[in-house]
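Going left to right, the sequence shown walks through residues 3 to 326 as my numbering numbers them.
Worksheet for the structure shown next.
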Amino acid sequence: MRVDKWISVIATFAVFILICGYGGVKYPNFASTLVLGNLLTDNAFVIIAGVGMTLVILTGGIDLSVGSMIALVGVLTATLITKYHWNPLYAMAFALVLSSAFGALMGYLIDAFDLQPFIVTLSGMFFLRGLAFVLSLQSVPISTPLVDDIASFAIPLPGRGWLTSSAIIMLAVLVLGIVIAHFTRFGNNVYAIGGDRTSAELLGVPIRKTLVGVYAFSGFTSGMAGVVYTLYTSSGYPLAALGVELDVIASVVIGGTLLTGGVGFVIGTLFGGLIQGVIQTLITFDGSLNSWWTKIVIGFLLFIFIVLQRILTSSFGRASPSPA
3 MRVDKWISVI ATFAVFILIC GYGGVKYPNF ASTLVLGNLL TDNAFVIIAG
53 VGMTLVILTG GIDLSVGSMI ALVGVLTATL ITKYHWNPLY AMAFALVLSS
103 AFGALMGYLI DAFDLQPFIV TLSGMFFLRG LAFVLSLQSV PISTPLVDDI
153 ASFAIPLPGR GWLTSSAIIM LAVLVLGIVI AHFTRFGNNV YAIGGDRTSA
203 ELLGVPIRKT LVGVYAFSGF TSGMAGVVYT LYTSSGYPLA ALGVELDVIA
253 SVVIGGTLLT GGVGFVIGTL FGGLIQGVIQ TLITFDGSLN SWWTKIVIGF
303 LLFIFIVLQR ILTSSFGRAS PSPA
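What follows is the structure, encoded as structure tokens:
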């Protein structure tokens, strides 16, 4: 096991503990299951999309379409439920199939035509956002008993906290991502491509199949994030999740995944997303700071982690593609 591969994740966890410790000392009400439950709920859609983004970045790619996919899935789901009277579960399933298929298409185009992931997914970002506006220019509210029941479902935690349906879905997707990335042959192929694509080809790794699968999974997680966001807001809105793709990428990078690919862990993305949520919560508790300070602090942390990654790759050399 390469120790250097764990350093970024350990650093992320340490930062998370330090920030939470600071909040617990300064604000007595901060260290509670109520705050924990709210953190998991409020950041669920970012972390869910981050799980798929982690695999994409592990291959050395990027997916800029996730925010637009969240918006489109929300508007599509809301439109199918309210205008066409679909069963909410069928509408959500249909949206997830489409999001996965679109992700697979981007993965195919990237490999088949040797295109830059940045360009392909940027095109996808504009296409999906435009399609969301074609479906509706306004917010589409959802008010059905089934959606209300799913959105309001929660498991009580010790104290005053609750584990909501959004948080439960997020944790389930996180476990799925961990299993796929770290305990399957597909996951090994992902690391191999990110570590050294030429060597992976010589070793017989199915490059196209793997990339199509990775972007399909990113599409699926983005679609699931859209479903969770829809449940969270009880509506679909074409301007929803504007710029969220940057928050998702920040979560992955702060979580210790190298932008160059081949090194990182899905669990790190959880803490990367929660760090952003904790910072926002601390600013809210303070009450005297503008909410834009969240972006300033996250930008600073992102810069620090990128520098840390650069130092690690320079000190230890290029890490092997194995996830362990």
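Glycine residues also receive a C-beta, built at the ideal position from the N, C-alpha and C atoms.
The beta carbons of M55 and D65 sit about 6 Å from each other, so the pair counts as a contact at 8 Å.
With a 10 Å radius around the Cβ and a threshold of 16 neighbouring Cβ atoms, A227 comes out buried.
G179 counts as buried, since at least 16 other C-beta atoms from the protein chains shown sit within 10 angstroms of its C-beta. Taken through DSSP and simplified to helix, strand or coil, I157 comes out as strand.
I182 is a Cβ neighbour of F188, given a cutoff of 8 Å. For L165, the enclosing beta strand (DSSP E) stretches over residues W164 to T166.
Ranked by how close their Cα comes to the Cα of Q278, the residues I9, I19 and K7 have I19 in first place. Short of 7 Å from the beta carbon of L276, and not among the five residues preceding or following it, lie these beta carbons of its own chain, in chain order: F18, L41 and N45.
Remark: C-beta atoms of L213 and D288 do not approach each other more closely than 8 Å.
In the structure shown, S34 adopts coil according to DSSP, grouped into three states.
A straight-line Cα-Cα distance of about 43 Å links V299 and L205. Going by DSSP, G126 is part of the alpha helix (DSSP H) stretching over P119 to L137.
D249 sits buried, since 16 or more C-beta atoms from the chains shown fall within 10 Å of its C-beta. Under DSSP, V142 forms a beta bridge with G238. Per DSSP, G257 lies in no alpha helix (DSSP H) and is assigned neither H nor E.
Spatial neighbours of S167 in its own chain (CB-CB distance under 6 Å, excluding positions within 5 residues in sequence) are listed in chain order as I152 and F155.
Annotation for L148: N89, P90 and L91 place their beta carbon closer than 8 Å to its own, counting only its chain and skipping 5 residues before and after. The segment 68-87 and the segment 128-139 touch, with three or more beta-carbon pairs separated by less than 8 Å. When only Cα atoms are considered, R199 and S253 end up about 25 Å apart. The Cβ neighbour count for W164, taken over all protein chains shown within 10 Å, is at least 16; the residue is labelled buried. Residue range A46 to L60 is occupied by the alpha helix (DSSP H) that includes A51. Here the alpha carbons of Q140 and A243 stand approximately 15 Å from one another. T296 is positioned such that its CB atom lies closer than 8 Å to that of I281.
By the Cβ neighbour-count rule, G105 is buried, with 16 or more other Cβ atoms within 10 Å of its own.
Assigned with DSSP and collapsed to three states, A243 falls in coil, not helix or strand.
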